[in-house]
Amino acid sequence: SVRSIPVAMARPLISFVAPGTVGDVLPLLSVAEAVAETELARVAFACHERYQDLRRHSKPEDPLWTWRKLTAAGDPEKSRGAGPSVKGEEADALWEVQLAEYERCVKGSALVVFNFFASPVVHACERWKVRCCALWPVPFTPTSAFPSFFFSAPKLKACIRPIALKHENNKAKTNLATWAFWESVFFQAAKIPILKWRALAGLQPASHFALVRKLRAPILYCWSPSVLCAPSDWPSHHTVCGYIRGSEDAREHSGCAGVVKSFSNLKQDGRLVYVGFGSATSALKEPAKLLASVVEAVADVLGEEGCVLLVAKTLTDLAGGVSCSKSLARRKVLVETVDYVPHASLLPIVDIIIHHGGAGTFGEAAHSGCAQIVIPLEFDNFFWAEKAHALGVAPKPLIADAVTSAGLAASLNFATSPQASSKVETLQGLLSKEDGRDVCTRTILGLLDL
Numbered sequence: 009s010v011r012s013i014p015v016a017m018a019r020p021l022i023s024f025v026a027p028g029t030v031g032d033v034l035p036l037l038s039v040a041e042a043v044a045e046t047e048l049a050r051v052a053f054a055c056h057e058r059y060q061d062l063r064r065h066s067k068p069e070d071p072l073w074t075w076r077k078l079t080a081a082g083d084p085e086k087s088r089g090a091g092p093s094v095k096g097e098e099a100d101a102l103w104e105v106q107l108a109e110y111e112r113c114v115k116g117s118a119l120v121v122f123n124f125f126a127s128p129v130v131h132a133c134e135r136w137k138v139r140c141c142a143l144w145p146v147p148f149t150p151t152s153a154f155p156s157f158f159f160s161a162p163k164l165k166a167c168i169r170p171i172a173l174k175h176e177n178n179k180a181k182t183n184l185a186t187w188a189f190w191e192s193v194f195f196q197a198a199k200i201p202i203l204k205w206r207a208l209a210g211l212q213p214a215s216h217f218a219l220v221r222k223l224r225a226p227i228l229y230c231w232s233p234s235v236l237c238a239p240s241d242w243p244s245h246h247t248v249c250g251y252i253r254g255s256e257d258a259r260e261h262s263g264c265a266g267v268v269k270s271f272s273n274l275k276q277d278g279r280l281v282y283v284g285f286g287s288a289t290s291a292l293k294e295p296a297k298l299l300a301s302v303v304e305a306v307a308d309v310l311g312e313e314g315c316v317l318l319v320a321k322t323l324t325d326l327a328g329g330v331s332c333s334k335s336l337a338r339r340k341v342l343v344e345t346v347d348y349v350p351h352a353s354l355l356p357i358v359d360i361i362i363h364h365g366g367a368g369t370f371g372e373a374a375h376s377g378c379a380q381i382v383i384p385l386e387f388d389n390f391f392w393a394e395k396a397h398a399l400g401v402a403p404k405p406l407i408a409d410a411v412t413s414a415g416l417a418a419s420l421n422f423a424t425s426p427q428a429s430s431k432v433e434t435l436q437g438l439l440s441k442e443d444g445r446d447v448c449t450r451t452i453l454g455l456l457d458l
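Residue numbers for the sequence shown follow our numbering, beginning at 9 and rising by one.
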């Protein structure tokens, strides 16, 4: 284990910057807690105040831990930064607040560790000459091995063809061009306010991504090499570390133990099926129709032997409740609504999960040995949905707008087949030998020679 030193001694400050919703916060929080446990460094953790109670198992007063609030107009999603839907004066005002908060995080730090949505913090790191390290759940390093994840979405796959023609169908050049295209598109939302900020700070124009490369900031990718290995053309300081899970102590003391136990007791009524789409739930265009299709399919495929369908409250709220169909009435299906429970606590008791394909959700489901059905909705969801299918642990991804009960029933049959179950068990065995949290913790401490 990492050697600890007396609390009273001066220690370097490592600032973790984690804007966004709970899935964006948890990986950094887990690593930050591991760093604090070594007592080799002080930790400052910046996130939206809504998530500051996630560190439930900590001591009330910890001299090595400081919380910092990311305000972002009171909205965790806006703390990710101004996206394409936020424009004009609203975007300028949001970035002004965001960059000021990032500067406060950077000043006085020996090292800044940031998630993807905090990428603009590298501008402040350059200004104040502070080292930085990215901890990201999705591949952002350009490679000739495969196209940018951005092009996994069905509507964007068609865009690869004209790019390929421009590069005379050279696969390697085409793949690299997709990464350049994605970077330019993503930077557009922040370009004007950030370039203005850089000019006022006396810095030359640069995007987040170009700056990460210029500063040679280490990138710690938090997925398993059993799912996706680092391509051979990635630089050595861009590494695949493994999935980051909370400590056993954190999972056992998540504050949801009683809820999880009550759901576990329901397994006597049949298999547990969980359906939830995390922060992507709001992207559903017809949530009521989708939920009705899930209920119908679960009743048809699993209702004969009995099952319990756990539905995320965010989904039932958006759908206006659960419609109890005739199929459900004549089958042994119990429906329960689930408020927020960390996946690390819930999924070990779940048999089948229907989800959006978020990087963390896919990883936790694979760790827990759940059968998976993926209905991707946005951003990197399509990329991980394709990976899950390629690995054989999930059926072909379903298109949310075209989901039917028949299509879901076919997916349920695939997900619970002996072939898929064997693949799930194999992947779970591989993941059980990895510890991404430990790898990231040691790497971060090593950057400061601790």
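The C-beta atom is built at its ideal place from N, Cα and C for all residues, glycine as well.
Limits of the alpha helix (DSSP H) - the one that residue i falls within
| i | result |
| --- | --- |
| Y110 | 96-114 |
| W392 | 389-398 |
| C264 | Careful: C264 lies outside any alpha helix (DSSP H) and carries neither H nor E. |
| C315 | That residue, C315, is in no alpha helix (DSSP H); its beta strand (DSSP E) goes 315-320. |
| T247 | From DSSP, T247 is part of no alpha helix (DSSP H) but of the beta strand (DSSP E) over 246-248. |
| F217 | 216-222 |
| C133 | 129-136 |
| K165 | 162-165 |
| Q427 | 426-439 |
| V447 | 444-455 |
| E312 | Where E312 is concerned, there is no enclosing alpha helix (DSSP H), given that its DSSP letter is neither H nor E. |
7 Å Cβ cutoff met for residue i and residue j
| i | j | result |
| --- | --- | --- |
| S117 | G254 | no |
| F154 | W190 | no |
| L184 | P150 | yes |
| L435 | V401 | yes |
| A288 | H364 | yes |
| L385 | A291 | yes |
| D32 | F122 | no |
| A305 | L420 | yes |
| I22 | L119 | yes |
| L318 | V346 | yes |
| I361 | S272 | no |
| A320 | P295 | no |
| C8 | S353 | As shown, the chain starts at 9 and ends at 458. That puts residue 8 outside it, with no answer to give. |
| K141 | A54 | Here the sequence assigns Cys to residue 141, which means Lys is not the residue at that position. No, these two residues do not count as a Cβ contact at 7 Å. |
| E344 | L355 | no |
| G311 | V341 | yes |
| W144 | K115 | no |
| C230 | G444 | yes |
Residue range of the beta strand (DSSP E) that includes residue i
| i | result |
| --- | --- |
| T151 | Here T151 belongs to no beta strand (DSSP E), and DSSP marks it neither H nor E. |
| H56 | That residue, H56, is in no beta strand (DSSP E); it is neither H nor E in DSSP. |
| C141 | 139-144 |
| Q380 | 379-382 |
| L228 | 227-229 |
For residue j and residue i, the rounded distance between their alpha carbons
| i | j | result |
| --- | --- | --- |
| Q380 | P27 | 28 Å |
| G56 | R450 | The sequence shown places His at residue 56, not Gly. Between H56 and R450, the C-alpha separation is close to 26 Å. |
| V349 | P213 | 43 Å |
| L456 | S156 | 32 Å |
| H245 | K297 | 46 Å |
| R58 | E109 | 17 Å |
| R76 | E176 | 50 Å |
| V302 | S270 | 23 Å |
| K395 | P20 | 39 Å |
| D359 | G377 | 8 Å |
| D257 | A180 | Its pLDDT being 49, under 50, D257 is placed unreliably in this model, and the value from its coordinates should be taken loosely. For D257 and A180, the distance between alpha carbons rounds to 45 Å. |
| A207 | P201 | 10 Å |
| G366 | L323 | 16 Å |
| T79 | P128 | 16 Å |
| K293 | D409 | 7 Å |
| A225 | E442 | 24 Å |
| P282 | V138 | The residue you asked about is not Pro; residue 282 is Tyr in the sequence shown. About 43 Å. |
| R279 | V30 | 27 Å |
| H375 | V447 | 17 Å |
| V43 | L416 | 43 Å |
| A307 | V411 | 16 Å |
Beta-bridge partners of residue i, as assigned by DSSP
| i | result |
| --- | --- |
| V281 | L317, I360 |
| K77 | C55 |
| Y348 | Answer is none; Y348 lacks a bridge partner. |
| Q276 | DSSP lists no partner for Q276. |
| R206 | Note: R206 sits in no beta bridge, so no partner. |
| V121 | F24, C141 |
| R50 | L21 |
| V343 | L317 |
Original post:
Okay, do the segment 388-395 and the segment 424-434 touch, 3+ Cβ pairs below 8 Å being the bar?
Top reply: At 8 Å Cβ cutoff, the stretches do not touch.
Original post:
For the 8 Å Cβ check, are there 3 or more pairs between the segment 163-173 and the segment 240-249?
Top reply: The segment 163-173 vs the segment 240-249: no contact.
**OP:** Inspect the CB distances between the segment 126-134 and the segment 42-52 and report whether three or more fall short of 8 Å.
**Re:** Result no; under three Cβ-Cβ pairs closer than 8 Å.
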